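Just so you know, the protein sequences line up as chains L and G, in that order.
For what it's worth, the numbering used here labels the leading residue of the first sequence as 1, then goes sequentially.
For what it's worth, the numbering used here labels the leading residue of the second sequence as 1001, then goes sequentially.
Note that beta-carbon positions come from the ideal geometry of N, C-alpha and C, so glycine has one too.
Computed from a predicted model, the values in this text were never measured in an experiment.
Structure record follows, encoded as structure tokens.
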Amino acid sequence: IVAGCISHPHSWPWQISLRTSFGMHFCGGTLIDPQWVLTAAHCLEKSSRPAAYKVYLGLHREGASEASVQKRDVEKLFKEPYRADIALLKLSSPAIINNHVIPVCLPKENSVLGGREECYVTGWGDTKGTGGDGYLKETGFPVIENKICNRPEFLNGRVKKHELCAGNIHGGTDSCQGDSGGPLVCLDQDKFVQHGVTSWGLGCAQPMKPGVYVRVSNYIPWIKSIMENH
Amino acid sequence: KGDILDDYLRTDGVWILTRNKQSYKTNNEKECAEKCEAERNFNCRAFLFTRKKLQCLTLAENAKMTVTFSSTDAVLYEKKIYLLQCRRGIGKDYRGMEAKTWRGIPCQKWAEKTPHNPNYTPEKHPNAGLDENYCRNPDGDERGPWCYTTDSATRFDYCNIPECEGQVMHTGEGLGPTTECMQCNGEDYHGEVSRTESGLECQHWDTQEPHMHGFTPKHFPEKDLKLNYCRNPDGELRPWCFTTSPTKRWEYCNIPRCTMHPPVSGLGSQCLSGKGEDYRGRIAITKSGNACQHWNTQFPHRHGWIPDRYPCKGLEENYCRNPGGEKRPWCYTINSSVRWEYCAIPHCDGTEQGIADVPMEVPLPEECYRGKGQSYRGTTSITASGKKCQAWNSMFPHRHEKTPDRFPNADLRDNYCRNPDGDNSPWCFTTDPSVTWEYCNLKRCDDHTQEPATNDPPATTEQNVGLTTPTTSDCINGNGKDYRGTIAKTGRGRTCQEWSSQKPHSHKYFTPVTHPRAGLDKNYCRNPDGDVNGPWCYTTDPRKAWEYCDIPKCPPAQYECGKSKFRPKLCAQR
Chain L
1 IVAGCISHPH
11 SWPWQISLRT
21 SFGMHFCGGT
31 LIDPQWVLTA
41 AHCLEKSSRP
51 AAYKVYLGLH
61 REGASEASVQ
71 KRDVEKLFKE
81 PYRADIALLK
91 LSSPAIINNH
101 VIPVCLPKEN
111 SVLGGREECY
121 VTGWGDTKGT
131 GGDGYLKETG
141 FPVIENKICN
151 RPEFLNGRVK
161 KHELCAGNIH
171 GGTDSCQGDS
181 GGPLVCLDQD
191 KFVQHGVTSW
201 GLGCAQPMKP
211 GVYVRVSNYI
221 PWIKSIMENH
Chain G
1001 KGDILDDYLR
1011 TDGVWILTRN
1021 KQSYKTNNEK
1031 ECAEKCEAER
1041 NFNCRAFLFT
1051 RKKLQCLTLA
1061 ENAKMTVTFS
1071 STDAVLYEKK
1081 IYLLQCRRGI
1091 GKDYRGMEAK
1101 TWRGIPCQKW
1111 AEKTPHNPNY
1121 TPEKHPNAGL
1131 DENYCRNPDG
1141 DERGPWCYTT
1151 DSATRFDYCN
1161 IPECEGQVMH
1171 TGEGLGPTTE
1181 CMQCNGEDYH
1191 GEVSRTESGL
1201 ECQHWDTQEP
1211 HMHGFTPKHF
1221 PEKDLKLNYC
1231 RNPDGELRPW
1241 CFTTSPTKRW
1251 EYCNIPRCTM
1261 HPPVSGLGSQ
1271 CLSGKGEDYR
1281 GRIAITKSGN
1291 ACQHWNTQFP
1301 HRHGWIPDRY
1311 PCKGLEENYC
1321 RNPGGEKRPW
1331 CYTINSSVRW
1341 EYCAIPHCDG
1351 TEQGIADVPM
1361 EVPLPEECYR
1371 GKGQSYRGTT
1381 SITASGKKCQ
1391 AWNSMFPHRH
1401 EKTPDRFPNA
1411 DLRDNYCRNP
1421 DGDNSPWCFT
1431 TDPSVTWEYC
1441 NLKRCDDHTQ
1451 EPATNDPPAT
1461 TEQNVGLTTP
1471 TTSDCINGNG
1481 KDYRGTIAKT
1491 GRGRTCQEWS
1501 SQKPHSHKYF
1511 TPVTHPRAGL
1521 DKNYCRNPDG
1531 DVNGPWCYTT
1541 DPRKAWEYCD
1551 IPKCPPAQYE
1561 CGKSKFRPKL
1571 CAQR
């Protein structure tokens, strides 16, 4: 996360760290059910073997030295069949739900965000020198309607309808490498709902180059069917 | 157009006496309107519909032209276009009743041949409205409606038809103003055009078919996203709409440009009033002393505020401006490391010199209020239960009387929480149609506990939240590593040996000393080594060193998704 701030410990209890089998963080993800994690498909490019990955939950520090940390192997992985940048991981055993590990809410199928929602992204990714490395950082910014995002001076038609973009017009804060797969959540009443999976961007925090996130509401039927059938 | 009846002015309980009419039987008013549109016997200017008899009368005259009287069951619909007293643009659709030239010479009837033999006649141009001797513009003359004159020395001349000035007032009571042309980028266009420039029909703003989108009336209550009318809610070059064609997401509409331009206020434009959107002064330096970048250049900062695109925003030279509704005028700076900054503009009342300007990096002291919060001027716009506030100048979804003009000293800006009426604390109307208003998510300043600053070192987990809550109930989650219950028998009924004891089994790997966090109390079953088969214990049977315990699985945890036990900072840099 570029700029933003270090989060209050465990205030984003659905955030997971996706790691190599040796325990190195490389992507984020979101706990959506005690045994299921949503992440980006591009985070799973290096290996199609579930054994190549580990999921860490309940952590604030990237070092994962806290007693609250739960570690799980990945039992199965599922990439979205039409190559959207979204994937599901089934954990080897359910995460223990406690004060530090709580699933996020999913949006209703095909629900839309207005162009003004204030949403938040979190992760242990690159900070581009803005500080807070090693701690879970957060930042907030508005969702930008695709029509605006696709203007020539912004992302010039690159944003597909199954994606959404979010950020500040003037840049300055953004998600970045290493935050991929993590959540973009928006407050709905008193709950956080995951509307985006961190996917791609043109650089990080550049003016007029907001970050792009997979639009979760488009994939609710797929998510449900995978979870029900596996 | 959105609805055929939108083109008509409706008056209930009125009958008009006309000579030229045609009777039909229709099921409803819309069908009657279709009859009027298709009328070939005369120019249909209005129609009457009676609900009981389902009688539809298309009329050549309207209430302006003949007598009216009351009739309880009748509804009169008059075509708005025939009620307009002004012209839009060049007045090609002007259908008013002006019948003399600007010099006062009476017009010749379009159907007559003397004193001038006309080229434009009702027969040749049946859709040009060439009735009687009214001024018309059948040929799209740039100078507006005209007529052949009754003066044999003057074949034709122009009429003095006033231009509709932005807001076109239709005659008749109960019909509000409707902007039929657009100023500037058409952000204030409230007209009823609902086709794009290539002729595609617009998608209704409140539907998501065929295109999903975020410009819903609910999210943008102040943008007048009515039916499927062309609008400009996002600062586009001109009004547009999502189209009903699945292959074309959106397209611009062709809206006539008003010839009259809105006046720029004289006094306000040279100093700061409100948010300074009408500031047109020549200050070109930011508050911290950076010189402003010229708006028409893209160096050192690339940007979208290109002067040609925004003709009414005053983006001249490198002067500080507020084209996008920021808090106050600003500019891009020539310092490549500072993209933009606010400017220090003298306030119109002379009391401030832009001292309220603060760099965006410094948080405003707006997270708390003093007293009852009547002086609160922060930008919080979320209620205590998390609802978004309705803008004070909006009447949607809640109509109200707490408007900025009625409470000029209450700073009812945007949708910020305020306390204009001396309530207990700042509040706002909510955007939730089912909840009229709520107090805001604000603390009293004296109760306020300072949040750690962004770059403060984070507190350790242990200080803030303690250890993972172990499972104290007699059931296990997963492999039972966190089990802290009191079962002390193995699955085969043997009693467990105390973890701190070395009898009957001597062991050194799993003791309260070697595993202080594993809960190795007394002789309770535990899983200090993360055994996949669950908790176990050394047994008191000398023949059996250790054995698994038979502890039931816990039922699935009950939780509320998306609700954290620890309040997030919700830090945002805007």
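Collapsing the DSSP output to three states places G/Gln1108 in coil. A distance below 8 Å separates the beta carbons of L/Asp33 and L/Pro103.
If you draw a straight line from the Cα of L/Ala51 to the Cα of L/Ser65, it comes to about 22 Å.
For the set G/Pro1300, G/Asn1296, G/Gln1298, G/Pro1346, the Cα lying nearest the Cα of G/Lys1287 is the one of G/Pro1346. A distance below 6 Å between beta-carbons, with the five flanking residues on each side excluded, links G/Cys1044 to the following residues of its chain, in chain order: Cys1036, Thr1058.
Check the Cα spacing between G/Pro1542 and each of G/Thr1495, G/Arg1517, G/Pro1556: the tightest is with G/Thr1495. Ile1382, Ser1385, Gly1386, Lys1387, Lys1388: these are the residues of the segment 1368-1389 of chain G whose beta carbon lies less than 9 Å from some beta carbon of chain L, given in chain order. At a cut-off of 8 Å between beta-carbon atoms, G/Gln1208 makes contact with chain L. Taking C-alpha positions only, G/Asp1308 is separated from G/Thr1333 by approximately 20 Å. Along the length of the segment 1047-1098 of chain G, whole beta strand (DSSP E) runs at least 3 residues long occupy 1055-1059, 1068-1079, reported in chain order. Cβ neighbours of G/Asp1157 within its own chain (closer than 6 Å, five residues either side excluded): Thr1101, Thr1149.
Contact with chain L is absent for G/His1204, since none of that chain's Cβ atoms lies less than 8 Å from the residue's Cβ. Taking 7 Å as the cut-off between beta carbons, the residues of the segment 1561-1573 of chain G near chain L are Cys1561, Gly1562, Lys1563, Ser1564, Lys1565, Phe1566, Arg1567, Pro1568, Lys1569, Leu1570, Cys1571, Ala1572, Gln1573, in sequence order.
For G/Trp1392, no Cβ of chain L is located within less than 8 Å of the residue's own Cβ.
For L/Ser93, the nearest CB of chain G lies under 8 Å from its own CB, placing it at the interface with that chain.
Cβ proximity to chain L below 8 Å picks out Asn1477, Gly1478, Asn1479, Asp1482 from the segment 1476-1490 of chain G.
Judged by beta-carbon spacing, G/Ile1255 lies beyond the 8 Å limit of G/Cys1184, meaning their Cβ atoms are not closer than that value.
At least one beta carbon of chain L lies nearer than 8 Å to the beta carbon of G/Met1212. L/Glu145 sits buried, since 16 or more C-beta atoms from the chains shown fall within 10 Å of its C-beta.
Scanning chain G for C-beta atoms nearer than 7 Å to the C-beta of L/Asp126 yields nothing, as the closest lies near 17 Å away. Contact between G/Gly1562 and L/Val193 holds, since their C-beta atoms are separated by about 6 Å, short of 8 Å.
Cα atoms of G/Ile1081 and G/Arg1143: separation of roughly 20 Å, rounded to the nearest angstrom. Take the alpha-carbon of G/Thr1072 and the one of G/Asp1224: they are about 34 Å apart. Note that the segment 146-158 of chain L does not touch the segment 179-191 of chain L; fewer than 3 beta-carbon pairs, one per stretch, sit closer than 8 Å. Within its own chain, the residues whose Cβ lies closer than 7 Å to the Cβ of G/Asp1206, once the five positions on either side in sequence are excluded, are Thr1216, Pro1217, listed in chain order. Beta-bridge partners assigned by DSSP to G/Trp1305: none are found. Counted as a single uninterrupted DSSP element, the beta strand (DSSP E) harbouring L/Ala166 occupies residues 163-166. Secondary structure of G/Cys1368 (DSSP, three-state): strand. According to the DSSP assignment, L/Lys79 belongs to the beta strand (DSSP E) that extends over 70-79. Nearest C-alpha to G/Tyr1559 among L/Arg83, L/Val37, L/Asn99: L/Asn99. When the alpha-carbon of G/Glu1317 is set against those of G/Ser1336, G/Ala1291, G/Glu1341, G/Gly1235, the nearest one is in G/Ala1291. With fewer than 16 other CB atoms across the displayed protein chains lying within 10 angstroms of its CB, L/Tyr82 is exposed.
Residue contact check for G/His1347 against chain L: no CB pair falls below 8 Å. Taken through DSSP and simplified to helix, strand or coil, G/Lys1327 comes out as coil.
Excluding the 5 residues flanking it on each side, G/Glu1498 has same chain C-beta neighbours closer than 7 Å at Lys1522, Asn1523, in chain order. L/Leu89 does not reach chain G, its nearest Cβ partner there being about 16 Å away, counting only Cβ pairs nearer than 8 Å.
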